[in-house]
Structure formats: structure tokens, C-alpha cells
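Engineer:
2 protein chains.
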Amino acid sequence: MNRILILALVLIGGLAAGAQTRVAPASLIAVAGQATANSHAYEYLEELCDGIGGRVTGSPEEQRARQWAVNKMKAIGLQNVHEERWQMARGWRRISAQAEMRSPSHQYLTVASLGWAGSTRDGGEEAEAVAVNRNELVEEQKHAAQWRGKILFLVSKGKPRPSFEIYALMGPFFQSAHDAGAVAVIDGDGTTETQGMNLTHIDPADFAGGYYEIPVVRMAADHRAILERLLDRKQTLRVWIEVRNSASGPVDSANVVGEIPGSQHPDEIVVLGAHLDSWDLGQGATDDGFGSVAVLAAAEAIAHSGFRPIRTIRFVLFTGEEQGVKGSLAYMKAHQKEIPNHVAAVVADMGDGPPTGFWLNGRDDLIALIEEVSSAAGSGGRLRITDATYTFSDAFTFTLAGVPGIDLAQDSADYRYTHHSTVDTFDKVKPENLVRSAAAIAVLGYWIADREQRLAVPLTRERTGQLLTKMKLNDALRLIGLGPLGAE
Amino acid sequence: MNRILILALVLIGGLAAGAQTRVAPASLIAVAGQATANSHAYEYLEELCDGIGGRVTGSPEEQRARQWAVNKMKAIGLQNVHEERWQMARGWRRISAQAEMRSPSHQYLTVASLGWAGSTRDGGEEAEAVAVNRNELVEEQKHAAQWRGKILFLVSKGKPRPSFEIYALMGPFFQSAHDAGAVAVIDGDGTTETQGMNLTHIDPADFAGGYYEIPVVRMAADHRAILERLLDRKQTLRVWIEVRNSASGPVDSANVVGEIPGSQHPDEIVVLGAHLDSWDLGQGATDDGFGSVAVLAAAEAIAHSGFRPIRTIRFVLFTGEEQGVKGSLAYMKAHQKEIPNHVAAVVADMGDGPPTGFWLNGRDDLIALIEEVSSAAGSGGRLRITDATYTFSDAFTFTLAGVPGIDLAQDSADYRYTHHSTVDTFDKVKPENLVRSAAAIAVLGYWIADREQRLAVPLTRERTGQLLTKMKLNDALRLIGLGPLGAE
Numbered sequence: 013m014n015r016i017l018i019l020a021l022v023l024i025g026g027l028a029a030g031a032q033t034r035v036a037p038a039s040l041i042a043v044a045g046q047a048t049a050n051s052h053a054y055e056y057l058e059e060l061c062d063g064i065g066g067r068v069t070g071s072p073e074e075q076r077a078r079q080w081a082v083n084k085m086k087a088i089g090l091q092n093v094h095e096e097r098w099q100m101a102r103g104w105r106r107i108s109a110q111a112e113m114r115s116p117s118h119q120y121l122t123v124a125s126l127g128w129a130g131s132t133r134d135g136g137e138e139a140e141a142v143a144v145n146r147n148e149l150v151e152e153q154k155h156a157a158q159w160r161g162k163i164l165f166l167v168s169k170g171k172p173r174p175s176f177e178i179y180a181l182m183g184p185f186f187q188s189a190h191d192a193g194a195v196a197v198i199d200g201d202g203t204t205e206t207q208g209m210n211l212t213h214i215d216p217a218d219f220a221g222g223y224y225e226i227p228v229v230r231m232a233a234d235h236r237a238i239l240e241r242l243l244d245r246k247q248t249l250r251v252w253i254e255v256r257n258s259a260s261g262p263v264d265s266a267n268v269v270g271e272i273p274g275s276q277h278p279d280e281i282v283v284l285g286a287h288l289d290s291w292d293l294g295q296g297a298t299d300d301g302f303g304s305v306a307v308l309a310a311a312e313a314i315a316h317s318g319f320r321p322i323r324t325i326r327f328v329l330f331t332g333e334e335q336g337v338k339g340s341l342a343y344m345k346a347h348q349k350e351i352p353n354h355v356a357a358v359v360a361d362m363g364d365g366p367p368t369g370f371w372l373n374g375r376d377d378l379i380a381l382i383e384e385v386s387s388a389a390g391s392g393g394r395l396r397i398t399d400a401t402y403t404f405s406d407a408f409t410f411t412l413a414g415v416p417g418i419d420l421a422q423d424s425a426d427y428r429y430t431h432h433s434t435v436d437t438f439d440k441v442k443p444e445n446l447v448r449s450a451a452a453i454a455v456l457g458y459w460i461a462d463r464e465q466r467l468a469v470p471l472t473r474e475r476t477g478q479l480l481t482k483m484k485l486n487d488a489l490r491l492i493g494l495g496p497l498g499a500e
Numbered sequence: 013m014n015r016i017l018i019l020a021l022v023l024i025g026g027l028a029a030g031a032q033t034r035v036a037p038a039s040l041i042a043v044a045g046q047a048t049a050n051s052h053a054y055e056y057l058e059e060l061c062d063g064i065g066g067r068v069t070g071s072p073e074e075q076r077a078r079q080w081a082v083n084k085m086k087a088i089g090l091q092n093v094h095e096e097r098w099q100m101a102r103g104w105r106r107i108s109a110q111a112e113m114r115s116p117s118h119q120y121l122t123v124a125s126l127g128w129a130g131s132t133r134d135g136g137e138e139a140e141a142v143a144v145n146r147n148e149l150v151e152e153q154k155h156a157a158q159w160r161g162k163i164l165f166l167v168s169k170g171k172p173r174p175s176f177e178i179y180a181l182m183g184p185f186f187q188s189a190h191d192a193g194a195v196a197v198i199d200g201d202g203t204t205e206t207q208g209m210n211l212t213h214i215d216p217a218d219f220a221g222g223y224y225e226i227p228v229v230r231m232a233a234d235h236r237a238i239l240e241r242l243l244d245r246k247q248t249l250r251v252w253i254e255v256r257n258s259a260s261g262p263v264d265s266a267n268v269v270g271e272i273p274g275s276q277h278p279d280e281i282v283v284l285g286a287h288l289d290s291w292d293l294g295q296g297a298t299d300d301g302f303g304s305v306a307v308l309a310a311a312e313a314i315a316h317s318g319f320r321p322i323r324t325i326r327f328v329l330f331t332g333e334e335q336g337v338k339g340s341l342a343y344m345k346a347h348q349k350e351i352p353n354h355v356a357a358v359v360a361d362m363g364d365g366p367p368t369g370f371w372l373n374g375r376d377d378l379i380a381l382i383e384e385v386s387s388a389a390g391s392g393g394r395l396r397i398t399d400a401t402y403t404f405s406d407a408f409t410f411t412l413a414g415v416p417g418i419d420l421a422q423d424s425a426d427y428r429y430t431h432h433s434t435v436d437t438f439d440k441v442k443p444e445n446l447v448r449s450a451a452a453i454a455v456l457g458y459w460i461a462d463r464e465q466r467l468a469v470p471l472t473r474e475r476t477g478q479l480l481t482k483m484k485l486n487d488a489l490r491l492i493g494l495g496p497l498g499a500e
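Those protein sequences? They're chains A and B, same order as listed.
Read in order, the letters of the first sequence are residues 13 to 500 in the working numbering.
Read in order, the letters of the second sequence are residues 13 to 500 in the working numbering.
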């Protein structure tokens, strides 16, 4: 233990420099020391990425990942390790997607299907591609009769609409495109423009994880630019597209849960979480294998620290995050009566960069408190505590339930390229960022669970509503069918 | 004319600043003025890229591009516009290529077929992927009996071999892999490593443009890295691969030729060239739509300058460059008797960056001469004249024939990503780089064609051999079946 303590003191040098008036308790030093000097996080990530790969909710890979996580939690020595089952209305699996512009010139088009979207007929279909303005979806749907036999190519013209609004209108648009007999929809390359890189960024068809019969594909920006130039010049485009997905009936999924029971208040719970599911083009390394492994490594660091917090720390690896935080919503439903016992939830889901701080999702009342631990958690760099909002991670589900939902902030420079894309692979992750992130959530989680005073009690639904109004999120959330959750 | 002359003087300001002791003749100023202030190059490139697209030698698109180039040359006012037919032993067309790692984990693999490589059976094949060391191809082939039913995954272990040597051994390796009953070969992502970008860089199966029955694919670096990690850990890999290409018997191609006849020595010829063919994943914008359009724009600038050079300038858009400078080799064969009349060939094939100079491919005897015109050709920036070698462009075919083969050097920072890849699209090209490159070759070409003294006479075969020895290229060239060409 002594050797580790010394190592920890060296490694978290920021502690002494950054907070001269504070002395970190021996427990936090031990946790940080275990997390930094005795980490197996990078090995775990390699197992998860190379051994299992992409983990779409409800898929065999996701099931394998859950079993792996259960085994890992048990090996680490967590208590009460179990899966908490929940169900999705449909399972979905990608097979292939191909497209070509056939006229006025030939171009192979890089495309990938949205999750929970449909297929073309086998062998594909050639059709005219026509522009549909995503900023006028309601207006455009009035002309849906003209969509029969057409491929709808989404473009942005005129005044951009708020993204939440477009997101909420996308489902009804897919439905009416299908009803009108459109062949397929071609969307942008995702949340990120990646000109010059052959990437597509996958998402679910809509936030609620609904299934739509119509094929919907994302297209590499360079190829979309060709189509846009030609459409702008009033050229008639003929595009061939073949999309093959496999959809099924209801499938089971589960959140994976393990605990370090509290020594004095075992009924009070601090959640450390991340999402185990991922998209399937890559390996889900930066989104969110990184966070999942950081949570397991934090659990290991705390379990092996020789200290035990006074409250329970519950480690939860959610599934269904990519389909609209479905796993954490299921968790909230299953644990509804237990919500008053939840003290806070700390979630790691901002990619693969080094930790830079914590975002408290509107809870400015907690900034000063959490700043107390920020230098100890920083393991070499001071962390910045803000009330910034990260929509969405599973932390936000806790915020909606009145429980402080805290996101680990990271400086993930390349995340916009990697996440949801084919290059989200193991080699993108630097071990030092993973180790430092695990240390940060381990120290914060332990500190919240072990401080004498409870960090916070859950807000009422009414006060949560006020918080969301302050965050200017109420309208946006209503559009996607979300609002305050809670125990009442 | 006056207005253009004034504009030209303003635009090529570098002239006055860079060469105070020299005054550019009115003809060069007029040529540079036309090339810079009256350019249609960018429109032409848009027509070629968006209107026709990728132009694989022998394909319908390449044929369309030739017809387009003939029409363009005629519209510009060139003389003796015609196609010079040559034949390839086989035509080839890409249909699709898909692969997945099936075990030990699942991963969609981004792959693209090499040109003039074969297909798998329809529906693909699942097989074990085994490593083959590209640095020991001869040694590896001794164990070819073990390749039956396997997918061969090329890796680099131990001492790297010279690239020419590997290149030369690749064809026999493909042949023996096929004979041994291997399912397919997975190669690297091409000449460029593009980690984090979902790119594959296509090439012909070998330098001579031979056809091999076995499927050979390039794979995105990120996905190849997964396979390499697993193979390094002695894991057994199962990979599914489906490659569909279409190969045919002999196909016709042609170089497109047009001239501005010399006023005094019409039999003496200065060639300005580029290659019209391209790979097919993208639009062949930076390789070598850029060069092709620069040549057309140079032709237009000279034709419309109001001046006429004393020697003939022959504008040649070669095909078959991507299959091993087959078009320029065919040109050399067809014009063998005319070689003594060739003064020089200037080729633009270094991507889409701004011009930085000219590479003389070993001809240090010409550096001082060509420096005379370098500030006039720079149109705003001084060009650097060196005897550096660019292997290979069509200029090098002229070098092999004893004729000074001169390459336009360009600072093409992103070319390593774009060339031979799916993102080689029109939007990558900046008009100013295209215009300046066209001006540079127009001015140099005109100057060579119009100077009183002939720039050079072709070297004998023997002296060309000495030049190649000096360039340390003799052995390398012999490996791929090339050596001094010539009229003797």
C-alpha cells in the first residue's frame, strides 16, 4: 500500500500545487493511486473492442459485452452484480448499403444505413433523386404525392431550424415518405461534416428509437456535395441504391449493475455510469467503450483501495443509449421508488480525450461543493466545474429525475470524426487519457459517496421543470416526448 | 488586348520583382495574361468531374472524356485534333467489394478492389485470414500449398524491401496465390497510410497493368489495424469477403492530341501533357483532371494570346497512365521515328496544389536555361527548377526516350489523401491553383517552343542509360521491364 500511496502522490502532483489549503484524505489518494498506478483499463478496452467489437443494443455482440461486463465486475470484486433486463420493441441489424449515381455521370457513393431504418428490395432500385429541404419538412410533406418512386435527398436551404425541432419532425417525415412510396431517403453524413474523409456518422432513425420501413442512409460529405452541385444546376439525377438491414420483433437488453455497498448508509446510492452499447460500423471505442472501461476501472480502483465509502457506489453500464437513452430511462422506471435515495450520477460519455472537468447540467448550486475535490480528481491537471449541459448522455436522465446528473468533460479533439463512424476503433484511444478519466470519476464518485453530508437530495418534479426552463430545454424536450421524471 | 496586357502585368507582379535584369517578352506576358485573367479552367474541370466523373482506361467514361477533350480542343482552336488509338489486352470495371471480420469479433471492413484484379464467387466466401509478409514474398511462396482456401493478409515484418522490388514481385505472387487456391488477398490501404479516415487508395494489380484472376483488395488502415492486432495475438481470424469486378477482352483507348503548329519549325515539337484517365472511386479531380484541364487551359491561353511560337506545341492528354503509363508508352511507339524532333515534354501530374517549380528528371544541364523563364512562369511566385525525379508520370516516358521530361512540381498537401481514393472530387481543387498551374506550363511551353535555340536534342539510348544510372533507377526500372526507349 505504501508504495502505491507514494506513487499516487507523485502522479497526482496537481493536488499539492493546485490546492495548497486542502489535503486530500488518504482514501482519495488510495483511490487515485490505484486508478493511475495499477490500472487495467487499457487491457479491458482492448478486450471489449477487439474481442467483441461494435455492440448494437439487442445484438449478439451487445449480449456478449454484457456477459463480459458481468464477469469483469465479479472479478473486480463488486457486490450484487446483475443484469437489469429491459426490452426493445424491435431488434435491428445492418447487413449492407451501397449506392451509385448513374446519371448524369457515374459515381460510387459511400452510404450507411441509419439504425432502425428499412431496406430496399434486393438488387436495389434505380430512381430519380430529388431535393427535400430539411428546414421545411412540414411544408415539403404537402407535396408528398410527388415522392412516389423517388429517392429523397435532404438538403438545407433557407433559414436553419433548431436541431431539436428537425429531430422531432424526422420520424413523421420518414413515415410520410414511406406512405407516399418513396424509394429511400439520403441524409447528410451525420452530426459532423467530414469533407475529405470517407465517413458517415450513424444515428437512430429518431430519438425514441422508432423503426421506419423506409431505407434512410447517411452519405459521405464529398459524394453528397457532388449530388448537391448537380441538383443546384437543375440536372436530373439517377441514383441506384441497395440497402439491406434485418429487423426483428422485440429483443431483450439489459443494464449491467454492480455495487460497492456503503458502510454506513448502504441505501444511499451514488451512480457511476457509461453506456456499453455502441454503433456498429466501428468498435465503439471512443463512444463509449472508453466510458464503460473507465467505469470498470474506477470500480476496480475503489474496490482495491483498501477503503470503503459510507454510501453505496453503484456502477451501471447502460445499454440502449444510442437509441435514445433507453437503458437509463428503463433504469429510472425500474428504480422509481429508489430515486429519493439517489445522491448523484456521474457519467463518462464525451469521447476519448483527457478529462477537463465536470458538467453539472444546470446545477450551479453544486459547483462550489464539487470544486473541493476537483484538484484531487484531476490527477495532474485541475478540473473545471461548470453547470454546462451535455444533451444527451445517460447523466441527463438522472437530471430529469431531479438527481444531479454529472458528466465527465473531456477534450476529445477527434471525437467528431470517430464517434458513430467506421473509424471508432481501439487504436484511437490513448491509455493516459483513459487512466486519467477513470481516476477522475473514481475520485469524484468516492468523494460524493464518502462525504459526511449528502451532496444533494433529488429535486421535485416542479423544481426539475424550473431547472429545465432555466436551461432553455423545456420546449426542446417536449418535442421529443421527454420532461421531468421522478418518484412522485 | 491592351486591357489584358495590363491585367497580366498586374497579375504576374512576380516578374518585375523576381527578375529585375530580365524583361519578359510580350508573347509570354500575353500567354500568362490569357491563362490568368481569361481562364475557363475551373469550368472545364467541373464539366470533366461532375459531368463525366471517374475515367478508368477503356471505360465508357474514359471514352466520353476523350470525346469531350476532342471537342474542347477544337473549340479552343487547336489544329490537327485527333485521337491516337492504342489497345489494352483487357478491359476492367469495378462493381462492388465488401468484407466483414466474422470471428473472433464482428467488424465491417472497408475494402476496395485493386484495378485489373478478379472477383470472388457471388455471395462471397468466408475463410481464415493468414498473414503473408510482403518483405519475403519469394520465401513465402515456398509455402503456397498452405494458401488453399485462405485469405492472404499482407503485412510488413522485418527489413522492408525497396518498393520497386516489392512492386515487381507482386504480380508473380498474385499468380501463385491464385494457383494455390487462395480465396483473396488483402493489401494495405495504398501508398498512403490514412489512419482515422475511411480511405482506400487504389492501384493497378501490377505496373504493367496485367490482369490477375484472384481478388485483391485494399483495406482502410483502421480496419487493417484490427486484423493486425488480432493476428499478432495469434488469434484465428475468420473473414467474409465478396468482390465483384467485370473483366473483358481487349479494349480500345486513345491519347487525345491537338496542336498549335510552329510558325518556323513546325516539325519540331514541344509536348504539353497530362493524363485524362483516372481511377474510379472518385472523380479523378486531383489525379489528373487538374493536369488535363491545366493543359487545355494552357492551350487556350496560347491559342488566344495573339502570338504563335516558332515550333509546334503539341497538347497530349494521355490515357492508361494509371495502368503503368501505357498511353505515353503507346505514344512513344507510334511516334518512334519522330522522337528526334521532340524538344521537350512538360507534364502536369502532381495533384492540386499551387505550382512550386519544375522537376527536370536528372537533366541538371537544363536547370540554368529554364531558370531564365521561371519568374515569368511563376505568375506571382518564383518557381524552383531542379533535376529531381518524379517516378512516374508520363513525363518520365519522354525521359526514357532521351527527350527532356519535365514535371510541373506542386505543393499538394492533401493529395496523399485524395489521389486514387473516393474523395478525389471536384471540391478539392482551388481555382487559383489550377489557374496558376495552367499559366506556369503555358509560359514554359511557349518559351521552349519559341526560343531561338532549340532547348535540347534527344539523348542517345546510351546516354539515357547513363542518366538512369546517375539517377539510381536502372535496376529498379529493369525489375518492371522498362529501360531506355528511343528512335535508334
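Note that beta-carbon positions come from the ideal geometry of N, C-alpha and C, so glycine has one too.
Just so you know, these numbers come straight off a predicted model, no measurement behind them.
Check the Cβ-Cβ distances between glutamine 119 (chain A) and every residue of chain B, and say whether any is below 7 angstroms.
Structural biologist: Here residue 119 (chain A) corresponds to residue number 107 of the first sequence, with the count starting at 1. Answer yes: the Cβ-Cβ gap between glutamine 119 (chain A) and chain B drops below 7 angstroms somewhere.
Engineer: What residues in the segment 417-441 of chain B have a beta carbon less than 8 angstroms from any beta carbon of chain A?
Structural biologist: The segment 417-441 of chain B vs chain A, Cβ under 8 angstroms: Asp426, Tyr429, Thr430, Ser433, Thr434, Val435, Thr437, Phe438, Asp439, Lys440.
Engineer: Should alanine 286 (chain A) be flagged as near chain B, meaning a C-beta pair shorter than 7 angstroms?
Structural biologist: Residue 286 (chain A) sits at position 274 when you count from the first residue of the first sequence. Closer than 7 angstroms: no.
Engineer: Could you pull the DSSP bridge partners for asparagine 486 (chain A) from this structure?
Structural biologist: Walking along the first sequence from the start, residue 486 (chain A) turns up at place 474. DSSP lists no partner for asparagine 486 (chain A).
Engineer: Measure from the C-beta of isoleucine 198 (chain A) to each C-beta in chain B and report whether the shortest distance is under 7 angstroms.
Structural biologist: Here residue 198 (chain A) corresponds to residue number 186 of the first sequence, with the count starting at 1. Output row for isoleucine 198 (chain A): interface = no.
Engineer: Please name the residue, chosen from A:His277, A:Asp279, A:Phe302, that lies closest to aspartate 289 (chain A) on a Cα-to-Cα basis.
Structural biologist: Here residue 289 (chain A) is taken as the residue at index 277 of the first sequence, counted from 1. Among A:His277, A:Asp279, A:Phe302, the Cα nearest to that of aspartate 289 (chain A) belongs to A:Phe302.
Engineer: Got a sec: is the Cβ-Cβ distance from glycine 135 (chain A) to anything in chain B below 7 angstroms?
Structural biologist: Taking the first sequence and counting its residues from 1, the one referred to as residue 135 (chain A) is at position 123. Answer no: the Cβ-Cβ gap between glycine 135 (chain A) and chain B never drops below 7 angstroms.
Engineer: Using the rule of at least 16 other Cβ atoms within 10 Å of the residue's Cβ for burial, across every protein chain shown, is asparagine 92 (chain A) buried or exposed?
Structural biologist: Mapped onto the first sequence, residue 92 (chain A) falls at position 80. It counts as exposed.
Engineer: Label threonine 324 (chain B) either buried or exposed according to how many other C-beta atoms from any shown protein chain fall within 10 Å of its C-beta, with 16 as the threshold for buried.
Structural biologist: For the purposes of this step, residue 324 (chain B) is taken as residue 312 along the second sequence, with counting starting at 1. Buried is the call here.
Engineer: Lysine 338 (chain B): buried (16+ other C-beta within 10 angstroms of its C-beta) or exposed?
Structural biologist: Residue 338 (chain B) sits at position 326 when you count from the first residue of the second sequence. Its Cβ being crowded by 16 or more others within 10 Å, lysine 338 (chain B) is buried.
Engineer: At which residues does the alpha helix (DSSP H) containing arginine 241 (chain A) begin and terminate?
Structural biologist: For the purposes of this step, residue 241 (chain A) is taken as residue 229 along the first sequence, with counting starting at 1. Note, arginine 241 (chain A): alpha helix (DSSP H), 233-244.
Engineer: Do you know how far the Cα of glutamine 247 (chain A) is from the Cα of alanine 44 (chain B)?
Structural biologist: Walking along the second sequence from the start, residue 44 (chain B) turns up at place 32. Walking along the first sequence from the start, residue 247 (chain A) turns up at place 235. Cα to Cα, alanine 44 (chain B) sits roughly 34 angstroms from glutamine 247 (chain A).
Engineer: List the residues of chain A whose Cβ lies closer than 7 angstroms to the Cβ of proline 184 (chain B), in chain order.
Structural biologist: Locating residue 184 (chain B) in the second sequence gives position 172, where the first residue counts as 1. None at all; the shortest Cβ gap to chain A is about 30 angstroms.
Engineer: Would you kindly check if the distance between the Cβ of threonine 122 (chain A) and the Cβ of valine 255 (chain A) is under 7 angstroms?
Structural biologist: In the first sequence, counting from the first residue as 1, residue 255 (chain A) sits at position 243. In the first sequence, counting from the first residue as 1, residue 122 (chain A) sits at position 110. Not in contact: valine 255 (chain A) and threonine 122 (chain A) (Cβ atoms no closer than 7 angstroms).
Engineer: Considering Cα atoms alone, identify which of B:Leu420, B:Asp300, B:Gln207, B:Asp364 is closest to alanine 233 (chain B).
Structural biologist: What you label residue 233 (chain B) is simply residue 221 of the second sequence in a count that begins at 1. Of the listed residues, the one whose Cα sits closest to alanine 233 (chain B) is B:Gln207.
Engineer: If you measure from the beta carbon of glutamate 73 (chain A) to each beta carbon in chain B, is any gap under 7 angstroms?
Structural biologist: The residue you call residue 73 (chain A) lines up with position 61 of the first sequence. For glutamate 73 (chain A), the answer is yes, since a Cβ of chain B falls inside 7 angstroms of its Cβ.
Engineer: Distance, Cα to Cα, glycine 296 (chain A) vs histidine 287 (chain A)?
Structural biologist: Here residue 296 (chain A) corresponds to residue number 284 of the first sequence, with the count starting at 1. Here residue 287 (chain A) corresponds to residue number 275 of the first sequence, with the count starting at 1. Cα to Cα, the separation comes out at about 10 angstroms.
Engineer: Could you give the first and the last residue of the continuous alpha helix (DSSP H) run that contains glycine 285 (chain A)?
Structural biologist: As a working note, residue 285 (chain A) is residue 273 in the first sequence. Glycine 285 (chain A) -> not in any alpha helix (DSSP H); beta strand (DSSP E) instead, spanning 277-287.
Engineer: Roughly how many angstroms lie between the CA atoms of serine 405 (chain A) and aspartate 419 (chain A), to the nearest whole one?
Structural biologist: Reading the first sequence from its first residue, position 393 is the one you call residue 405 (chain A). Reading the first sequence from its first residue, position 407 is the one you call residue 419 (chain A). Going from the Cα of serine 405 (chain A) to the Cα of aspartate 419 (chain A) covers about 8 angstroms.
Engineer: I'd like to know if aspartate 406 (chain A) contacts chain B, where contact means its C-beta is closer than 7 angstroms to some C-beta of that chain.
Structural biologist: Here residue 406 (chain A) corresponds to residue number 394 of the first sequence, with the count starting at 1. Output row for aspartate 406 (chain A): interface = no.
Engineer: Excluding the 5 residues preceding and the 5 following leucine 166 (chain B) in the sequence, name in chain order all residues of the same chain whose CB lies nearer than 6 angstroms to its CB.
Structural biologist: Stepping through the second sequence from its first residue, residue 166 (chain B) is reached at position 154. Only Val144, Arg146, Asp199 meet the Cβ criterion.
Engineer: Beta-carbon within less than 7 angstroms of threonine 368 (chain B)'s beta-carbon, same chain only, minus the 5 sequence neighbours each way: which residues are those?
Structural biologist: Locating residue 368 (chain B) in the second sequence gives position 356, counting from the first residue. These residues qualify, in order along the chain: Leu395, Arg396, Ala421, Gln422, Asp423.
Engineer: Between the Cα of asparagine 12 (chain A) and the Cα atoms of A:Ala124, A:Ala309, A:Asn353, which residue gives the shortest distance?
Structural biologist: Lying outside 13 to 500, the shown extent of chain A, residue 12 (chain A) is not represented and no answer is given.
Engineer: Label aspartate 377 (chain B) either buried or exposed according to how many other C-beta atoms from any shown protein chain fall within 10 Å of its C-beta, with 16 as the threshold for buried.
Structural biologist: Your numbering for residue 377 (chain B) matches position 365 in the second sequence. Burial is judged here by how many other beta carbons sit within 10 angstroms of a residue's own beta carbon; aspartate 377 (chain B) has fewer than 16 and is exposed.
Engineer: Assign glycine 170 (chain A) to buried or exposed, taking buried as 16 or more other Cβ atoms, counted over all protein chains shown, within 10 Å of its Cβ.
Structural biologist: Along the first sequence, read from residue 1 onward, the residue named residue 170 (chain A) stands at position 158. So glycine 170 (chain A) ends up on the exposed side.
Engineer: Would you tell me roughly how many angstroms separate the C-alpha atoms of alanine 346 (chain A) and glutamate 95 (chain A), rounded to the nearest one?
Structural biologist: Residue mapping note: residue 346 (chain A) aligns to position 334 of the first sequence, counting from 1. Residue mapping note: residue 95 (chain A) aligns to position 83 of the first sequence, counting from 1. Looking at the backbone, the Cα of alanine 346 (chain A) and that of glutamate 95 (chain A) are separated by about 12 angstroms.
Engineer: Going by DSSP, what residues sit across from tryptophan 104 (chain A) in a beta bridge?
Structural biologist: Locating residue 104 (chain A) in the first sequence gives position 92, counting from the first residue. Its beta-bridge partners are A:Ala259.
Engineer: Is it buried or exposed for glutamate 225 (chain A), if we count other Cβ within 10 angstroms and need 16 for buried?
Structural biologist: As a working mapping, residue 225 (chain A) is identified with position 213 in the first sequence. Answer is exposed; the Cβ neighbour count stays below 16.
Engineer: Hey, would you say valine 385 (chain B) sits closer than 7 angstroms to leucine 489 (chain B), going by beta carbons?
Structural biologist: Counting from one through the second sequence, the residue named residue 385 (chain B) turns up at place 373. Counting from one through the second sequence, the residue named residue 489 (chain B) turns up at place 477. The criterion of a C-beta distance shorter than 7 angstroms is not satisfied by valine 385 (chain B) and leucine 489 (chain B).
Engineer: Over what stretch of residues does the alpha helix (DSSP H) that includes arginine 428 (chain B) continue unbroken?
Structural biologist: As a working mapping, residue 428 (chain B) is identified with position 416 in the second sequence. Per DSSP, arginine 428 (chain B) belongs to the alpha helix (DSSP H) from 427-430.
Engineer: In three-state terms, what does DSSP make of histidine 118 (chain A)?
Structural biologist: If you number the first sequence from 1, residue 118 (chain A) lands on position 106. The answer is strand: DSSP assigns histidine 118 (chain A) an E or B state.
Engineer: Excluding the five sequence neighbours on either side, which residues of its own chain have a C-beta within less than 7 angstroms of the C-beta of valine 441 (chain B), listed in chain order?
Structural biologist: Residue mapping note: residue 441 (chain B) aligns to position 429 of the second sequence, counting from 1. Counting only Cβ-Cβ distances below 7 angstroms, and skipping sequence neighbours, we find Leu57, Ala297, Thr298, Phe302, Asp364.
Engineer: I want to check one thing, is the minimum distance from the CB of leucine 288 (chain B) to the heavy atoms of the ligand SAM below 6 angstroms?
Structural biologist: The ligand SAM is not among the ligands present in this structure, which contains no ligands whatsoever.
Engineer: Within 10 angstroms of its Cβ, does glycine 374 (chain B) collect 16 or more other Cβ (buried), or is it exposed?
Structural biologist: Taking the first residue of the second sequence as 1, we reach residue 374 (chain B) at position 362. Per the 10 Å Cβ criterion, buried.
Engineer: In this structure, what does DSSP give as the bridge partners for isoleucine 272 (chain A)?
Structural biologist: The count along the first sequence starts at 1 and reaches residue 272 (chain A) at position 260. DSSP lists A:Ile325 as partners of isoleucine 272 (chain A).
Engineer: At which residue ranges does the segment 347-422 of chain A contain complete alpha helix (DSSP H) runs of 4 or more residues, listed in the order of the chain?
Structural biologist: 379-390, 406-412
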